[in-house]
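Chains as they are written, first to last, in our numbering: chain A, 1 to 287; chain B, 1001 to 1261. Beta carbons are placed, not taken as given, at the ideal position from N, Cα and C, and that holds for glycine. In this text the structure is predicted, and so the values were computed from the model without any measurement.
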Amino acid sequence: MDDIKNVIELRNVTKDYGDFKLDNVSFSVPEGSVCGFIGQNGAGKTTTINLMLDVIKRDAGEIELFGKSIDHDSASLREDIGVVFDEMGFHEFMTGIDLNIMMKNIYKNWDEELFFSYLKEFSLPAKKKCGSFSRGMRMKLQIAVAISHHAKLLIMDEPTSGLDPIVRNEMINIFREFVLEEDHTILLSSHITGDLEKLADEVVFINGGRIVLAGNKDEILEKHGLLKCKKDELEIISDSLIVSSEMGNFGVEVLVNDRYAASKLYPNMVIEPATLEQIMIYYVNRG
Amino acid sequence: MKGLIIKDVMCLKKQLMIFAYVLIGVLVVSVMYVLSARFGNIALAGKEMLATDQLSGIDVKNLGSIALVLFMLLPPATVCDMVNVFEADGKAGFHKVAASLPVSLRKRVLSKYLTIYTLFLIGAFVDILIAVLLSGITDLITLKDFLGIIVSSVSVMCIYSAFVIFFCILLGCGKEMYAQILSIVTMLLVVIIINFNTIKGIIISIVKSGEEDSVGDISFIWNMLDFIKERSYVFLIAAVFNSVASFVLSWIIAERKRGVI
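Structure representation (structure tokens):
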């Protein structure tokens, strides 16, 4: 059997800003997968992405993209990467035509025809200044630029935040189409877990600069559960199963990290499947 | 890197429109000026001042060429402001996009220099065309002197731009105005330091002759003019040295700071 190739691999990556520290971050993203990079605002998602793109220097650790260290010619590695930021970084006076002129002189594999076909598909006027575009249009323009050079890895930092559900859904469909090619991979940073639940194969959850959870999304959802019990019953639940709990008016809700073990140990208690959002909230509450 | 240069030129689009108007304006005004200096009112005024000993023949000729020096400076000066590019990049947040492109940091820094120097070369080319035309119809200045002025003025603009790029990268986004001020102050300081004794002498002579309604000896200005015309290579060498130093330092700073370009 072929080994699974990791497109992204971070090993013990550290970056210390004094007031914030990205602490020993390690995770990997297999080729052909969609990895949801989740965490609340300020958790370290953008810092991690900036480190991957070599925008900022790390203090320690190793970062590999496509199996090659970013310390050696990170610029050429970026030929195969498309990046979408939360805010469009193009000048407002630029049109689709201007961007095409610029990008075809930057990317070796820039596909002019493909770019204009994406503009058409996304209903983006090629001659209109992008400054007059709505937020959704700006995002779509970024995506069109990011994938028109036949990128194999798409890194996106909060691309769906601030968008209405219709546009978000459209974008998710674009991402789905992108990963139809088996060597295409997506790292999608977001705090909108609903989008990731629809799209992601893998999930990496970061909190306070530390990775608290990483793995296959379905396995994570399968393993975790919301156990509902009375306040006095909380004491009997094994600490090793509890991620954190929340007191309510009618009892306690406990996120357990192994719902099958919990259901065997406590057959009289109700255990429901947890959503990614609930898992995120309970892990954050754990501190 | 070529794409980044194209983007920078796009950022200077507004300025390039002014650049085109200035080129046409300079050409028209220069021709009018030279014709007037040869056959028109300026020639008459010069003759009158010569007759009444208000000015010497050298003064008349030098005054004529000073006006032409200013005309030569105008085309490169209208495009020299890289501050606009840095401001536009900062406003758009383009440094994030730039960092995600397959262009190394060294090339991203280099592209800024290449953009502005390419535009200066275009300005210089137009200047040369004007110089060839004007030197043919006036004896105020020879083609050789004209070329000297062009090399000097373009070199000065290159020195200024190299300072602007360096300070923009050093200070980071949003501080472009300070970069501009610091560049001008640095250049003034260099001129003052190099000419310290001459400037001191002029100030002393002005102070001494304060009540005599005199501004002292203007030969200093004519010497400067001769220097600009005849020793333009000094400016060129200074521009090359300054550009290389500015590029290396800017690159080192950009590597350390990251996210500024």
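Segment limits, alpha helix (DSSP H) that includes residue i
i, result
"K1007 of chain B", "K1002 to C1011"
"S1100 of chain B", "F1094 to S1100"
"I1149 of chain B", "L1143 to L1171"
"P267 of chain A", "P267 of chain A -> no alpha helix (DSSP H), and no H or E assigned at all."
"I155 of chain A", "It is not in any alpha helix (DSSP H) - I155 of chain A instead sits in the beta strand (DSSP E) that spans L153 to D157."
"G1123 of chain B", "L1105 to I1137"
"L188 of chain A", "Segment T185 to S190 is the beta strand (DSSP E) holding L188 of chain A; no alpha helix (DSSP H) there."
"L140 of chain A", "Position check: residue 140 of chain A holds Lys in this sequence, whereas Leu was assumed. First-last of the alpha helix (DSSP H) with K140 of chain A: R135 to I147."
"N50 of chain A", "K45 to M52"
"A1245 of chain B", "S1232 to K1257"
"T1186 of chain B", "E1176 to I1194"
"I1261 of chain B", "Run containing I1261 of chain B: none; DSSP gives neither H nor E here."
"M284 of chain A", "Residue 284 of chain A is actually Val in this sequence, not Met. Where V284 of chain A is concerned, the enclosing alpha helix (DSSP H) stretches over L276 to R286."
Exposed unless 16 or more other CB atoms sit within 10 angstroms - verdict on residue i
i, result
"S190 of chain A", "buried"
"M1 of chain A", "Note that M1 of chain A scores a pLDDT of 45, beneath 50, so its modelled location is shaky and nothing firm can be said."
"D1008 of chain B", "buried"
"G18 of chain A", "exposed"
"M1157 of chain B", "buried"
"V1164 of chain B", "buried"
"H184 of chain A", "buried"
"A274 of chain A", "buried"
"H72 of chain A", "exposed"
"A1051 of chain B", "exposed"
"Y266 of chain A", "buried"
"R294 of chain A", "Outside the shown range of chain A (1 to 287) lies residue 294 of chain A, about which nothing can therefore be said."
"N50 of chain A", "buried"
"K1091 of chain B", "exposed"
"V1244 of chain B", "exposed"
"S1155 of chain B", "buried"
"V204 of chain A", "buried"
"S117 of chain A", "exposed"
"F37 of chain A", "buried"
"M280 of chain A", "buried"
"I1237 of chain B", "exposed"
"Y107 of chain A", "buried"
"L1070 of chain B", "exposed"
"S238 of chain A", "exposed"
"Y1178 of chain B", "exposed"
"F1019 of chain B", "buried"
"D16 of chain A", "exposed"
"N1197 of chain B", "exposed"
Beta-carbon proximity check, residue i vs residue j, cutoff 8 Å
i, j, result
"T14 of chain A", "D59 of chain A", "yes"
"L1101 of chain B", "R138 of chain A", "no"
"I101 of chain A", "K127 of chain A", "no"
"L22 of chain A", "G209 of chain A", "yes"
"I206 of chain A", "G44 of chain A", "yes"
"N105 of chain A", "I1006 of chain B", "yes"
"V252 of chain A", "V243 of chain A", "no"
"I1159 of chain B", "I1128 of chain B", "no"
"L226 of chain A", "I271 of chain A", "yes"
"T160 of chain A", "D195 of chain A", "yes"
"F1094 of chain B", "G67 of chain A", "no"
"F1235 of chain B", "S1161 of chain B", "no"
"V1034 of chain B", "I1137 of chain B", "yes"
"L10 of chain A", "S33 of chain A", "no"
"G61 of chain A", "N12 of chain A", "yes"
"K140 of chain A", "E92 of chain A", "no"
"L1004 of chain B", "R1108 of chain B", "yes"
"V84 of chain A", "L187 of chain A", "no"
"M94 of chain A", "V145 of chain A", "no"
"K1250 of chain B", "A75 of chain A", "It is worth fixing the name first, because residue 1250 of chain B is Ser in this sequence and not Lys. Going by C-beta atoms, S1250 of chain B is not nearer than 8 Å to A75 of chain A."
Extent of the continuous beta strand (DSSP E) run through residue i
i, result
"K15 of chain A", "N6 to D16"
"V179 of chain A", "Run containing V179 of chain A: none; DSSP gives neither H nor E here."
"K21 of chain A", "K21 to P30"
"F37 of chain A", "V34 to I38"
Return the chain-ordered ranges of every alpha helix (DSSP H) run that is complete within the region 65 to 120 of chain A and spans a minimum of 4 residues.
-> With a minimum length of 4 residues, the continuous alpha helix (DSSP H) runs that stay inside the region 65 to 120 of chain A are 74 to 77 and 96 to 104.
Which runs of the alpha helix (DSSP H) fall wholly inside the region 198 to 265 of chain A and span at least 4 residues, in chain order?
-> 217 to 223 and 259 to 265
Okay, do the region 123 to 142 of chain A and the region 1023 to 1036 of chain B touch, 3+ Cβ pairs below 8 Å being the bar?
-> Segments in contact, no.
Any contact of the region 179 to 188 of chain A with the region 1108 to 1126 of chain B, i.e. 3+ C-beta pairs under 8 Å?
-> no
Do three or more CB pairs link the region 1106 to 1115 of chain B to the region 145 to 154 of chain A at distances below 8 Å?
-> Contact fails: fewer than three Cβ-Cβ distances are below 8 Å.
Does the pairing of the region 1167 to 1187 of chain B with the region 1246 to 1259 of chain B give three or more beta-carbon distances under 8 Å?
-> yes
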